[in-house]
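Colleague:
In the working numbering, the protein residues as written are 4 to 679.
1. If residue 227 and residue 266 are in contact, beta carbons under 8 Å, what's the gap, nearest whole angstrom?
2. Compute the distance between the beta-carbons of residue 80 and residue 177, then report whether it is under 8 Å.
3. How is the alpha helix (DSSP H) around residue 385 delimited, first residue to last?
4. Between 371, 316, 443, which has its C-alpha nearest residue 133's C-alpha?
5. Could you name the residues of the same chain whose beta carbon sits closer than 7 Å to that of residue 102, not counting the 5 residues immediately before and after it, in chain order?
6. In three-state DSSP terms, what is residue 178?
7. Who are the Cβ neighbours of residue 731 in its own chain at under 7 Å, not counting the five residues just before and after it?
8. Tell me the residue span of the beta strand (DSSP E) that contains residue 198.
9. With burial defined as no fewer than 16 other Cβ atoms inside 10 Å of the residue's Cβ, what is the status of residue 163: buried or exposed?
10. Quick test of your reading: residue 202 and residue 118, contact by CB under 8 Å. State the CB separation rounded to the nearest angstrom.
11. Under DSSP, the beta strand (DSSP E) around residue 480 begins and ends at which residues?
12. If you count every other CB in all the chains shown that lies within 10 Å of the CB of residue 543, and 16 or more means buried, which is it?
13. Enumerate, from N- to C-terminal direction, the unbroken beta strand (DSSP E) stretches of 3 or more residues contained entirely within the region 440-480.
14. Beta-carbon separation of residue 572 and residue 435 under 8 Å?
15. Less than 8 Å between the beta carbons of residue 251 and residue 278, yes or no?
16. Count the other CB atoms, across all protein chains shown, that sit within 10 Å of the CB of residue 21; report buried if there are 16 or more and exposed otherwise.
17. Mapping the DSSP letters down to three states, classify residue 305 as helix, strand or coil.
18. Measuring only the C-alpha atoms, how far is residue 384 from residue 370?
19. Could you tell me the distance, in whole angstroms, from the CA atom of residue 319 to the CA atom of residue 309?
20. For residue 277, is the beta carbon positioned less than 7 Å from some heavy atom of the ligand HEM?
21. Compute the Euclidean distance between the alpha carbons of residue 456 and residue 534, then round it to the nearest angstrom.
22. From the DSSP output, in three-state form, read off residue 511 for me.
23. Assign residue 644 to one of two classes, buried (16 or more other C-beta atoms within 10 Å of its C-beta) or exposed (fewer than that).
24. Which of the three DSSP states, helix, strand or coil, is assigned to residue 318?
25. Jot down the residue ranges of each uninterrupted beta strand (DSSP E) in the region 233-310, minimum 3 residues, whole runs only, in chain order.
26. Since residue 98 is in the beta strand (DSSP E), which residue starts that stretch and which ends it?
27. Assuming residue 192 is part of the beta strand (DSSP E), what are its boundary residues?
28. My output table needs one value for residue 601: the three-state DSSP class, helix, strand or coil.
29. Going straight from the alpha carbon of residue 413 to that of residue 289, what length do you get?
30. Taking the beta strand (DSSP E) that residue 410 belongs to, which residues open and close that run?
31. Count the other CB atoms, across all protein chains shown, that sit within 10 Å of the CB of residue 330; report buried if there are 16 or more and exposed otherwise.
32. Is the beta carbon of residue 452 sitting closer than 8 Å to the one on residue 546?
33. Under 8 Å by Cβ, that's how I've got residue 498 and residue 594 pegged, so tell me the actual separation to the nearest angstrom.
34. Identify which residue in 249, 213, 272 has its Cα closest to the Cα of residue 242.
35. For residue 503, which of 61, 390, 218 has the nearest alpha-carbon?
36. Taking 8 Å as the limit between beta carbons, can you name the residues of its chain near residue 74, skipping five residues before and five after?
Structure below.
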């Protein structure tokens, strides 16, 4: 009897346990917790800057791990995802190919998935392939690497490219990605919730990845295909897209990720990268939620979704600041510190530096990198960088090479800023960290090009007009000055383009037909050639060699030092700062110096002076219809005059008008007579 009671009791206990487990599982499926990052740009270590006399901390994957652990205490089974551009932006990128520093550290933190941004291709397909090879070997160990989802590379067209180097590199990359396990989408299960996650690279991001040497399918059409496949295969609870496409803060409704949400309504959540946007509140388009937390690991985003019918509603959304209030995880910090030693030994040592080498002290307050380029005008940080280019280029002239007249730096290639206090070699690198040279070494090299005076005016117009629509095109110069009036006609806002000294004093006028010697970064000078296409031929800028021939291969115009080494952008800045008197950045760089003058005057003389060919062309377009209308009016008047001649002239006393009036009067007089 006792045995039977025990059996019955055991069955009841087991039933209750199963029922309770199913209930908990059911509840967990109704709630999905997701932590997210994007645009990390190799900021895997904490940054320390002095601000207002106090040392501030920000970012670092050790802090991400702390937030992850805290969040999982509250929301078991929290997902952690990243929307691309996890690399390129700090010295850790220098060991990207050989050591996969970013992806390995992300694995140690516990990232579930990430995707490719345009900057993952900065070291070309070959460099990205090497990184995947290294990461794949690490994946065989105790640490599980993040799922990497990249859905819109067009492998078929890439393999078929007529350029053998491109097609061969594409094949090598595909092999490495297959070894790592890159897929269009992945199903990740946590705490009973199955997340279908896929990744795409947006149109602008593709345009910004010329080094990739690959063909891409349109991100929207490809997303439709992937979601259709996910739904067909089933086995998911929620669909998440890691989109490196972005949102436009100035016109959100026209953003690429809004287009994605509208076009593929079955996506539940879009983690939006590329544009570095901080969305203080999640945006909802239809039933699709769009989230962004900003760049450089300054924040980590957290969203909690609850099932509401067939879709999910937002239960909680926040951006968590990764500042000094968040203590970094010690184990992750040890991983980061090991990679830091690799950076010093493998990279900085070759240049006579370490990442912590102090170049100078700084008391100037420079513009924060997130604000740089947002406002039209001169900027001290831009001046500092441009001056460093011009200085080192003129110190490394070869033979009878003419002196450089000016340098240019677009805001889009400036990736960091300088705080107050000690400025290190790593700080200088962070500012100009992008790219790779012909020597396969990290950092874009400086190049020598020539532009006509007319083209210099077009360059200034890019800054004066185009950059208001595209912050990345904001330009900073050394040696060239001009005035911008935003009340003037579009693409005709710049006047008084001139050669200047550092104080903004004019040293020479610009001759439209003369060639001027210009120094800039490799990528920046390559992009000048695209201005003609982007402006539909209205502005033409074609970098040339000293003989006036249009440059086709910019690698042949790289500037080398006296030992035959490529002069990198970051190294130009580092050595310029390193050579300041008393090891202090001068107060000169604490203010502007009339390199760019903003004069939004409505004075008619200032609005119409120095018209360029675009103004003349548009004036012609306006005047031609006016001339036609005037001609038609004159023709009508002449025809009326001719008609008037049949009855007499208009003013000769015998006109048709007065004649008719006279005859009418006589008839009236006759009627009066009859009445009498």
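Glycine is no exception: its CB is placed at the ideal position from the N, C-alpha and C atoms.
Modeller: Taking the coordinates as given:
1. Their Cβ separation, rounded to whole angstroms, is 7 Å, which keeps residue 227 and residue 266 in contact under 8 Å.
2. No, Cβ-Cβ distance for residue 80 and residue 177 is not below 8 Å.
3. Note, residue 385: alpha helix (DSSP H), 383-397.
4. For the set 371, 316, 443, the Cα lying nearest the Cα of residue 133 is the one of 443.
5. Counting only residues of its own chain and dropping the five nearest sequence neighbours on each side, residue 102 has a CB closer than 7 Å to the CB of 137, 342, 345.
6. DSSP places residue 178 in helix when its eight states are reduced to three.
7. This structure cannot settle anything about residue 731, because the visible part of the chain is limited to 4 through 679.
8. Taken as a continuous stretch (DSSP letters only), the beta strand (DSSP E) holding residue 198 covers 196-204.
9. Classification of residue 163: exposed, given that the 10 Å Cβ count is below 16.
10. With a contact defined as Cβ atoms closer than 8 Å, residue 202 and residue 118 qualify at about 3 Å.
11. If you look at residue 480, you'll find it in the beta strand (DSSP E) that goes 478-481.
12. A residue is called buried when at least 16 other Cβ atoms come within 10 angstroms of its Cβ; residue 543 does not meet this threshold and is exposed.
13. The qualifying runs are 449-455.
14. Yes, these two residues count as a Cβ contact at 8 Å.
15. Yes. Within cutoff.
16. In this predicted model, residue 21 has a pLDDT of only 44, less than 50, meaning its place in the structure is not dependable enough to derive any value.
17. Residue state, collapsed to three classes: strand.
18. Using only the alpha carbons, I get a separation of about 7 Å.
19. Rounded to the nearest angstrom, the gap between the Cα atoms of residue 319 and residue 309 is 9 Å.
20. Ligands in the displayed structure: none, and consequently the ligand HEM is not present.
21. Each residue's Cα considered, the two are about 16 Å apart.
22. Here residue 511 sits in strand by DSSP.
23. Around the beta carbon of residue 644, a 10 Å sphere encloses fewer than 16 other beta carbons of the protein chains shown; the residue is thus reported as exposed.
24. Look at residue 318 here: in three-state DSSP terms it is strand.
25. As far as the region 233-310 is concerned, its whole beta strand (DSSP E) runs of at least 3 residues are 241-247, 272-275, 286-288, 291-294.
26. No beta strand (DSSP E) holds residue 98; DSSP gives it neither H nor E.
27. Judged by DSSP secondary structure, residue 192 falls within the beta strand (DSSP E) whose first and last residues are 188-193.
28. Correct three-state label for residue 601: strand.
29. Near 37 Å, if we compare the C-alpha coordinates of residue 289 and residue 413.
30. Residue 410 -> beta strand (DSSP E) spans 409-413.
31. Around the C-beta of residue 330, fewer than 16 other C-beta atoms lie within 10 Å, and the residue is accordingly described as exposed.
32. Taking 8 Å as the cut-off, the Cβ atoms of residue 452 and residue 546 count as close.
33. Not confirmed; about 23 Å, so no contact.
34. Selected option, being the one with the closest Cα: 272.
35. Closest in C-alpha terms to residue 503, from the list 61, 390, 218, comes 390.
36. The beta carbon of residue 74 sits closer than 8 Å to the beta carbons of 36, 38, 81, 305 from its chain, once the five residues preceding and following it are set aside; these are given in chain order.
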